[in-house]
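Below is one structure, written out as C-alpha cells; the observations come after it.
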Amino acid sequence: MAWVVLVVVALDHIHGTLSLGKSAILLGVVLVIAAALALITMRLLVKPIETLEQGLLAVSRGQLLPIRYRKSGDEVEFLAQSFNQMIKMLGKQRQEIEQHQESLEQRIKQRTQALEESMQHALAASRAKSEFLANMSHELRTPMNGFLGMIELVIDSSLTAEQREQLETAQRSALSLVQLLNDILDLSKIESGRMVLEQIPFNLRLLVKDCVRSHATKAMPKGLRLVMEVAPEMASHFVGDPLRVRQILHNLLSNAVKFTSVGQVTVSIRAGVADRDGVPELILTVADTGMGIAEEKLPLIFETFTQADGSITRRFGGTGLGLAIIRKLAEIHGGNVTVSSKLEVGSVFRVTLRLRPADTVAVAEPDAPAHQLVLAKGRILVVEDNLVNQKVIQGLLKKRGYTTAVANDGDQALVALESSLFDLVLMDVQMPVLDGLETTRRLRASERWREIPIVAMTAHAMSGDRDRCIEAGMDEYLTKPINSRELYATLEKYLVNVQPDRKFARPSDAEAPLLDPRFTSSFLPDGTNIVDNMVRLFLQLAPERLERMQNAAVLQKASVVATEARQVESAAASIAASLVADRARRLEEAAQAQDHAAIRHSLLLLESEIARLSRHNEQALARSAQ
264 MAWVVLVVVA
274 LDHIHGTLSL
284 GKSAILLGVV
294 LVIAAALALI
304 TMRLLVKPIE
314 TLEQGLLAVS
324 RGQLLPIRYR
334 KSGDEVEFLA
344 QSFNQMIKML
354 GKQRQEIEQH
364 QESLEQRIKQ
374 RTQALEESMQ
384 HALAASRAKS
394 EFLANMSHEL
404 RTPMNGFLGM
414 IELVIDSSLT
424 AEQREQLETA
434 QRSALSLVQL
444 LNDILDLSKI
454 ESGRMVLEQI
464 PFNLRLLVKD
474 CVRSHATKAM
484 PKGLRLVMEV
494 APEMASHFVG
504 DPLRVRQILH
514 NLLSNAVKFT
524 SVGQVTVSIR
534 AGVADRDGVP
544 ELILTVADTG
554 MGIAEEKLPL
564 IFETFTQADG
574 SITRRFGGTG
584 LGLAIIRKLA
594 EIHGGNVTVS
604 SKLEVGSVFR
614 VTLRLRPADT
624 VAVAEPDAPA
634 HQLVLAKGRI
644 LVVEDNLVNQ
654 KVIQGLLKKR
664 GYTTAVANDG
674 DQALVALESS
684 LFDLVLMDVQ
694 MPVLDGLETT
704 RRLRASERWR
714 EIPIVAMTAH
724 AMSGDRDRCI
734 EAGMDEYLTK
744 PINSRELYAT
754 LEKYLVNVQP
764 DRKFARPSDA
774 EAPLLDPRFT
784 SSFLPDGTNI
794 VDNMVRLFLQ
804 LAPERLERMQ
814 NAAVLQKASV
824 VATEARQVES
834 AAASIAASLV
844 ADRARRLEEA
854 AQAQDHAAIR
864 HSLLLLESEI
874 ARLSRHNEQA
884 LARSAQ
C-alpha cells in the first residue's frame, strides 16, 4: 500500500501535477488501512495466541481449566484443541492420583491402626509374661527357700551315710530347679533389655581358675582332663561383670564336661584386636573331645529351648537355655559366640567379649588371705510372714551364733524395734498388713532408725526389684532361696570388724565417735584446737556441696555426684570424721556405678551424718562457752 502511494506521488512529480493535499490524503488513507489491517491481525492471530498463553500459565499453576479459543480452522485452533486434550488427560490423572492417595492414606491408617493393635497385644503379652515370671519367681522361690534351707540344716546334723547321700541328692535336684529358674529369669531380663552389666574390677585368671576347679569334681569320675591355657602376655585384671563372665564360662564348661566321655576339655584365653576406643577383645575358647555336633544342627543350638538332638534331653537332661544365654550375654558385652564341631571328634566354642583392662593396684585378689573375722554378738530381727522361712532363717543364724527375734509383718517389726534393741533387720518384701518397702520407708523417716542396716530378703528377682528395695532405703538385697554363704557374708559386712579402724555395724550416737580421738589432741600454742577450726570450715562448705550433689542427683549426672563426693570424703578424712568419709565414699561408689537409686539413698545417709556432726559441733561450742 505504501508502494502505491509512492508511485502515484512520483508520477505526479514527473508530470508536474504534484499536490500536497492529494499526497496527504493518500498518506492518511494508507495509515487508516494499515491500522485496520493491524487490528484485524491482532484479533485473528495475536489475541488467540495470548489467550492460549494465559491458559497454559494457568495450567502451570495447577488450574486445569480448558483453554477458550475461536473456531477459525487454523493452526491456533488446532493447537488449542491439543492443549485442551492434554489438560483433560492431566485432570483425569490428577483425579486418579487423588483417589490413589486417598486409598493409600486409608490403607496406611488401617495398617497403622492394625500395627497399634498388634503392638498393644504384644505389650499386653509382654506384661503378662513379666507378671507370670515375677509370680513364678516368687511362688517358686518361697517354697524352694524353705526346702533348701531345711535340707542344709539337716545335713549338718548327725546322719547315717545313706541318709546324707539321699539328702545331698535332694539338695542337688533342688539346686537344679533353682538354676533353671535363674536361667529363665536371666533370659527374660536380656530379651527385655533390662539386664545391666556391672563395671567392677576383677581378676580374670583367678575367675577362670575357679570355674575350672569347680567342674573338676564332675570331670574326674569320667577320667577327663581339664586344661587351662592363658596367654602369658595377656592382662589379668579387667573391669566388667565377673558374675556374667563366670556364667558364660560355667555354661560352656558344663556342656563340655557333660558331652565328653573321654579325652580332655581345654579352656584358653587370649587377647584380640582393640576397638576404636582402645578396648581390647577378649577371646575365650572352650574345646572338648566329645560327641560333637552335626554341621546342619549348628545353627539351631543357640536357639532357646532347643538342642541339637531330641535324644540329648533324654540322655543328658537340660533345657537348651545355656547356649542361648551365652550368645545373648556375649552380644551385650559387645562380642559374639561361634562354634565349630565334628561328630565323634569334638567341639570348639569361641566367645569374644569387650572388657577394659583394670588398674591392678585397685583390684582386690579374690584368693588373697582374708582378715580374721570375729563374729559380733549381733541381735537380728527377722521380718518374715512365712513360717517355714522363719525357721530356716533362724536355724541358719543360730548356727552362726546370732540372736534372733521374729516379726510376722511390718507392723510387728515396728513394735519390736520400739521395744527392743537390734543390730540388723532381715526384711521380707511381700508381706500382709504392711510390706517390707513401706516398713523400711517408715524406719528411714525416723531419726532413731535411719541408719540401722536393713537387708531385703525377697522371692522377687525380676529387673527393678533391687532398685525398688534400695530406693526404699534398704542397704542390701538377697534373693530367695537364701544362699547361706551370701547371707553370712552380708551379715559380716555390717556386724563384723574386718579392720580395726573400720566398723561396719552402725552404732548409736553415744557409741560411735564422730571424730577419731587420735587426731583431736593437736592444739595450737594459744590453746585453739586445730580440728575444731577444720570442722567448722568443713561444716561451712558442706551445705553448698550437698546442694550441688542433690541437684546433680535429680538430673542423674552421676559424674558430678562422684566428683563432689570425692571432695567431701577427702575433706572429712582431713578432719578425722571417718563416718562422714565412709558415707561419702559409698556415695562415690554408687555414682561411679551409675546406680541412681543407691545414689539417692547414700546421699540421704551422708546428709544425716553431716547433720549429726553439725549437732556434735554445736554442743561442743556450747560447752566451751559455758
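When you line the sequence shown up against the working numbering, it's residues 264 to 889, in that order. In this text, a Cβ means the ideal position worked out from N, Cα and C, and glycines have one as well. Since the model is a prediction, treat every value here as computed from it, not as a measurement.
N-terminal and C-terminal residue of the alpha helix (DSSP H) that residue i is part of
i, result
"Arg849", "Ser841 to Gln855"
"Ser837", "Ala821 to Ser837"
"Arg704", "Gly699 to Ala708"
"Asp728", "Asp728 to Ala735"
"Asp674", "Gly673 to Ser682"
"Ile752", "It is worth fixing the name first, because residue 752 is Ala in this sequence and not Ile. That run of the alpha helix (DSSP H) goes Ser747 to Leu758."
"Gln657", "Leu650 to Arg663"
Straight-line gap, residue i to residue j (C-alpha atoms, nearest Å)
i, j, result
"His879", "Leu802", "11 angstroms"
"Val417", "Gln830", "51 angstroms"
"Leu460", "Gly553", "32 angstroms"
"Val602", "Leu563", "11 angstroms"
"Glu316", "Ser323", "11 angstroms"
"Asp630", "Leu467", "Low local confidence applies: a pLDDT of 41 at Asp630 is under 50, so the model's placement there is unreliable, with the coordinate-based value given in what follows. So the alpha carbons of these two residues sit roughly 12 angstroms apart."
"Lys560", "Leu586", "13 angstroms"
"Gly354", "Phe346", "12 angstroms"
"Leu680", "Glu594", "47 angstroms"
"Ile873", "Ala847", "10 angstroms"
"Gly699", "Ala708", "14 angstroms"
"Leu750", "Ser381", "45 angstroms"
"Val614", "Leu444", "24 angstroms"
"Ala844", "Gly664", "31 angstroms"
"Thr667", "Arg435", "29 angstroms"
"Glu881", "Ser865", "24 angstroms"
"Ala321", "Glu379", "44 angstroms"
"Arg507", "Gly598", "13 angstroms"
"Ala621", "Val798", "36 angstroms"
"Met413", "Thr480", "25 angstroms"
Opening and closing residue of the beta strand (DSSP E) in which residue i lies
i, result
"Ala668", "Thr666 to Ala670"
"Leu515", "No beta strand (DSSP E) holds Leu515; the alpha helix (DSSP H) holding it covers Pro505 to Lys521."
"Gln527", "Gln527 to Ala534"
"Arg617", "Gly609 to Arg617"
"Val718", "Ile717 to Thr721"
"Thr742", "Glu739 to Thr742"
Near the ligand ATP: residue i beta-carbon under 7 angstroms from a heavy atom
i, result
"Ser841", "Although the ligand ATP was asked about, the structure shown includes no ligands whatsoever."
Beta-carbon proximity of residue i to residue j, cut-off 8 angstroms
i, j, result
"Ile546", "Ser604", "no"
"Ala840", "Leu876", "yes"
"Met812", "Glu832", "no"
"Leu644", "Val611", "no"
"Leu584", "Glu714", "no"
"Pro464", "His513", "no"
"Gly409", "Val651", "yes"
"Ile656", "Ile745", "yes"
"Leu262", "Val502", "No answer is possible for residue 262: it lies beyond the span of the chain, which begins at 264 and ends at 889."
"Leu470", "Pro505", "yes"
"Leu850", "Val823", "no"
"Asp728", "Met694", "no"
"Gly641", "Leu754", "yes"
"Leu741", "Thr702", "no"
"Val549", "Val475", "no"
"Val528", "Asp551", "yes"
"Met497", "Arg539", "no"
"Val520", "His478", "yes"
Which residues DSSP lists as bridging residue i, in chain order
i, result
"Met491", "Val530"
"Asn599", "Thr615"
"Ile546", "Arg533 and Thr615"
"Asn466", "His500"
"Ile873", "Paired residues: none, contrary to the question."
"Leu689", "Val645 and Val718"
"Ser604", "Ser610"
"Asp551", "Val528 and Ser610"
"Pro620", "Phe501"
8 angstroms Cβ cutoff, residue i in contact with chain B
i, result
"Thr667", "You won't find chain B in this structure, because it holds only one protein chain."
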